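Mapping the sequence shown onto numbering that gives the first Met the number 0, position 162 (from 1) lands on 161, and the numbers just tick up by one. Cβ atoms here follow ideal geometry from the backbone N, Cα and C, with glycine treated the same way. Owing to the predicted nature of the structure, the values given are computational and were not obtained by experimental measurement. The block underneath contains the structure these notes are about, expressed in structure tokens.
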Amino acid sequence: MGASQRGEVLLARYDSDLALDGASETVHHYDGIVWRPVSDRDLKREMVAAFMEEKLPYSPHGISSAVDALKLQLPMMQPPERHLIGFSNGVFDLKACHFRAHRKSDWLLLANDVAFNSPVSGETLKDHAPQFWRWLNRATANCENKFERVLAALFMVLANRYDWQLFLEITGAGGSGKSILAEICSMLAGKGNTVSASMAALENPRERALIVGYSLIILPDQTRYVGDGSGIKAITGGDEVAIDPKHKQPYSTRIPAVVLAVNNNAMSFSDRSGGVSRRRVIFNFSEVVPENERDPLLRDKIAAELPVIIRHLLHWFVDPQAARRLLAEQQKSAEALDIKRGTDPLVDFCGYLVASHETDGLLIGNAEIVPFNPRKYLYHAYLAYMKGNNLNKPVSVTRFGMDMPGALAEYNQHYLRKKSKYGIRSNLSLNIDTAIGWMPKLARDNLPEE
Numbered sequence: 000m001g002a003s004q005r006g007e008v009l010l011a012r013y014d015s016d017l018a019l020d021g022a023s024e025t026v027h028h029y030d031g032i033v034w035r036p037v038s039d040r041d042l043k044r045e046m047v048a049a050f051m052e053e054k055l056p057y058s059p060h061g062i063s064s065a066v067d068a069l070k071l072q073l074p075m076m077q078p079p080e081r082h083l084i085g086f087s088n089g090v091f092d093l094k095a096c097h098f099r100a101h102r103k104s105d106w107l108l109l110a111n112d113v114a115f116n117s118p119v120s121g122e123t124l125k126d127h128a129p130q131f132w133r134w135l136n137r138a139t140a141n142c143e144n145k146f147e148r149v150l151a152a153l154f155m156v157l158a159n160r161y162d163w164q165l166f167l168e169i170t171g172a173g174g175s176g177k178s179i180l181a182e183i184c185s186m187l188a189g190k191g192n193t194v195s196a197s198m199a200a201l202e203n204p205r206e207r208a209l210i211v212g213y214s215l216i217i218l219p220d221q222t223r224y225v226g227d228g229s230g231i232k233a234i235t236g237g238d239e240v241a242i243d244p245k246h247k248q249p250y251s252t253r254i255p256a257v258v259l260a261v262n263n264n265a266m267s268f269s270d271r272s273g274g275v276s277r278r279r280v281i282f283n284f285s286e287v288v289p290e291n292e293r294d295p296l297l298r299d300k301i302a303a304e305l306p307v308i309i310r311h312l313l314h315w316f317v318d319p320q321a322a323r324r325l326l327a328e329q330q331k332s333a334e335a336l337d338i339k340r341g342t343d344p345l346v347d348f349c350g351y352l353v354a355s356h357e358t359d360g361l362l363i364g365n366a367e368i369v370p371f372n373p374r375k376y377l378y379h380a381y382l383a384y385m386k387g388n389n390l391n392k393p394v395s396v397t398r399f400g401m402d403m404p405g406a407l408a409e410y411n412q413h414y415l416r417k418k419s420k421y422g423i424r425s426n427l428s429l430n431i432d433t434a435i436g437w438m439p440k441l442a443r444d445n446l447p448e449e
């Protein structure tokens with residue numbers, strides 16, 4: 000029996016429901032719901048089982064060649080349709096707005112563990128998912144806008160909208176509901192589709208191998224992260240990243256997953272090119288539930304309400320772009336800006352500036368100019384801000400000029416500069432009333448000198 004014939008025998012043992020992922024060279028088996036990866040080791044064991052059932056001799060080389068031949072025979076997998084959400088009993092088509100049975104040609108890789116059912120008459124979150132309703136209202140401090148934006152984040156996880164090129168970051172003190180939100184997201188994505196990782200894992204090719212094949216990557220209880228965020232930027236941006244699995248050939252692929260970071264302290268990113276900022280959606284849970292009011296069974300109670308929550312999300316966001324717009328609003332919210340100001344001194348410094356449409360503000364200056372005059376030179380004002388707030392390691396004037404456009408963009412402002420006979424002048428002036436707290440001997444009526 001030739002290798003190709005042995006490959007056909009192996010294919011028949013899987014009812015011919017096999018296909019090959021071209022990027023990873025991994026065989027997948029359709030189980031009636033999704034296409035699940037089958038390792039080469041499992042394929043070899045199945046081939047050995049076929050020989051043993053027939054009481055025929057075999058060799059390791061013959062088994063390996065059968066698997067190699069099988070891969071050459073298989074059809075190539077196609078990317079799954081973005082408008083389909085898989086459940087245990089079928090798929091919900093967001094375009095057609097209806098539920099139908101699974102099809103092999105959907106090429107689904109992931110499905111929720113929950114069975115989708117029709118809603119009861121007059122179903123609402125408040126009446127039919129009261130535990131979730133009360134929890135979310137408390138977590139969002141009864142803010143209606145924030146309530147809707149958190150629902151939009153949950154829809155993003157449910158629909159696996161990694162293609163929106165966003166990632167979620169949940170901050171807040173312990174007991175504020177962050178872990179419950181992460182648990183709900185895990186339920187929406189499916190426990191088997193969720194993996195726990197770290198920021199370091201997103202940046203390391205060997206560790207990245209552990210997150211391939213999952214639709215939700217949770218970064219739980221992060222220690223304070225300081226870095227450029229290259230890994231999370233590449234993954235959420237849809238770029239191909241290097242994967243270096245143990246005992247297998249390295250390859251590159253896109254990781255189609257939503258990333259959810261959960262931490263007490265917000266992450267601090269050194270990248271100010273906008274690559275991280277335009278992808279980052281920050282929610283701050285500020286309402287801490289007192290110890291005596293916490294319900295240890297809350298997760299289980301919300302899990303029982305999951306079908307209602309899912310139906311509500313699908314009804315609420317019939318137009319998925321409505322959810323994306325809400326997340327864009329959250330990105331530009333005062334809450335998100337406050338978090339960024341607390342983790343990035345340059346962004347905070349920009350909060351003390353007033354931008355003009357003309358270059359009629361402070362001169363840029365540099366550290367060598369004497370006398371030191373933060374009322375006249377923008378860079379001197381920055382140095383005064385750093386010293387006045389006991390912050391170390393101010394950036395150089397060159398880096399300052401490179402980073403200011405990104406920092407000002409957080410306020411939807413532009414950084415303008417123009418040469419003048421006194422030096423390079425900016426479009427920025429100090430807000431005297433707010434800067435007085437850290438400015439040395441600043442007189443409110445003392446204007447910049449020419």
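Backbone CA spacing between residue i and residue j [nearest angstrom]
i, j, result
"Y421", "L362", "8 Å"
"V234", "D227", "Sequence check: residue 234 is Ile here, not Val. Straight-line Cα distance between these residues: approximately 14 Å."
"G31", "S104", "11 Å"
"V369", "F399", "19 Å"
"K375", "S272", "27 Å"
"F316", "A152", "11 Å"
"R416", "M401", "12 Å"
"R293", "I179", "11 Å"
"E24", "C142", "48 Å"
"H356", "Q412", "9 Å"
"L71", "R277", "42 Å"
"A442", "L429", "Bear in mind that a pLDDT of 41 at A442, under 50, signals an unreliable position, so the number given afterwards is only what the model happens to contain. Distance between the alpha carbons of A442 and L429: 12 Å."
"A406", "D126", "44 Å"
"A380", "R340", "17 Å"
"P249", "R205", "9 Å"
"Q77", "P295", "43 Å"
Identity of the residue in the options nearest residue i by Cα
i, options, result
"N365", "I183, A383, W437", "A383"
"R44", "P59, L150, N411", "P59"
"P118", "L9, V307, F166", "V307"
"P36", "A48, A49, V47, A22", "A22"
"D359", "A128, Y414, I84, S178", "Y414"
"V288", "S3, L352, G176, R207", "G176"
"M461", "A196, A303, T342", "What is shown of the chain runs 0 to 449, which leaves residue 461 out entirely."
"I84", "A158, H379, D41, I431", "A158"
"W106", "A128, I435, P74", "P74"
"S269", "V346, H28, L296, H127", "V346"
"G236", "L201, P249, Q248, E206", "L201"
"G253", "G387, F348, I210", "For the sequence presented, residue 253 should be read as Arg rather than Gly. Of the listed residues, the one whose Cα sits closest to R253 is I210."
"H27", "R81, M51, L108, L55", "L108"
"L9", "E409, L326, A48, Y29", "A48"
"G436", "N389, E409, Y410", "N389"
"A128", "K386, Q329, F371, R310", "R310"
"E147", "R340, Q329, K418", "Q329"
"E182", "L352, R298, A406", "R298"
"I169", "N144, T139, Y161", "T139"
"K331", "Y57, E409, A434", "E409"
"K145", "N372, K245, A327", "A327"
"P322", "D20, L69, R81, R160", "In the sequence as displayed, the identity of residue 322 is Ala instead of Pro. Residue R160 is the option with its Cα nearest to A322."
"K247", "D39, L325, G387", "D39"
Where residue i falls: helix, strand or coil (DSSP)
i, result
"P447", "Its pLDDT being 48, under 50, P447 is placed unreliably by the model, and the measurement read from it follows with that caveat. Reduced to three states, the DSSP call for P447 is coil."
"F282", "strand"
"W106", "coil"
"A140", "coil"
"G341", "helix"
"H60", "helix"
"M198", "helix"
"Y538", "Summary: the structure shown does not reach residue 538, with the chain confined to residues 0 through 449, and so no result is reported for it."
"L73", "coil"
"A442", "Low local confidence applies: a pLDDT of 41 at A442 is under 50, so the model's placement there is unreliable, with the coordinate-based value given in what follows. Of the three classes helix, strand and coil, the one that applies to A442 here is coil, per DSSP."
"I423", "strand"
"Y378", "helix"
"A241", "strand"
"P289", "coil"
"W437", "coil"
Contact belief for residue i with residue j at Cβ below 8 Å, rounded distance in angstroms
i, j, result
"A18", "W34", "7 Å"
"N291", "A172", "Contact doesn't hold; Cβ gap of about 17 Å is too wide."
"L312", "F86", "Actually they do not touch by this definition, with Cβ atoms about 13 Å apart."
"S229", "A241", "About 12 Å separates the two Cβ atoms, so there is no contact after all."
"M385", "P344", "7 Å"
"G6", "L69", "4 Å"
Next item on the list: Determine contact between the stretch 279 to 293 and the stretch 328 to 346, defined as no fewer than three beta-carbon pairs at a distance below 8 Å.
Entry: yes
Next item on the list: Evaluate contact between the stretch 210 to 225 and the stretch 250 to 259, counting only Cβ atoms and requiring at least three cross-stretch pairs below 8 Å.
Entry: yes
Next item on the list: May I ask you to verify whether the stretch 51 to 64 touches the stretch 83 to 91, counting CB pairs closer than 8 Å and requiring at least 3?
Entry: no
Check: Is the stretch 263 to 281 in contact with the stretch 94 to 107, if contact means three or more CB pairs nearer than 8 Å?
Finding: no
Notebook entry, point to check: Is there contact between the stretch 110 to 129 and the stretch 178 to 189, where contact requires at least three CB pairs shorter than 8 Å?
Noted result: yes
Check: Would you call the stretch 127 to 137 and the stretch 159 to 168 touching, i.e. three or more CB-CB distances under 8 Å?
Finding: no
Note to self: Within 8 Å, do at least three Cβ pairs link the stretch 189 to 198 to the stretch 295 to 307?
What the structure shows: no
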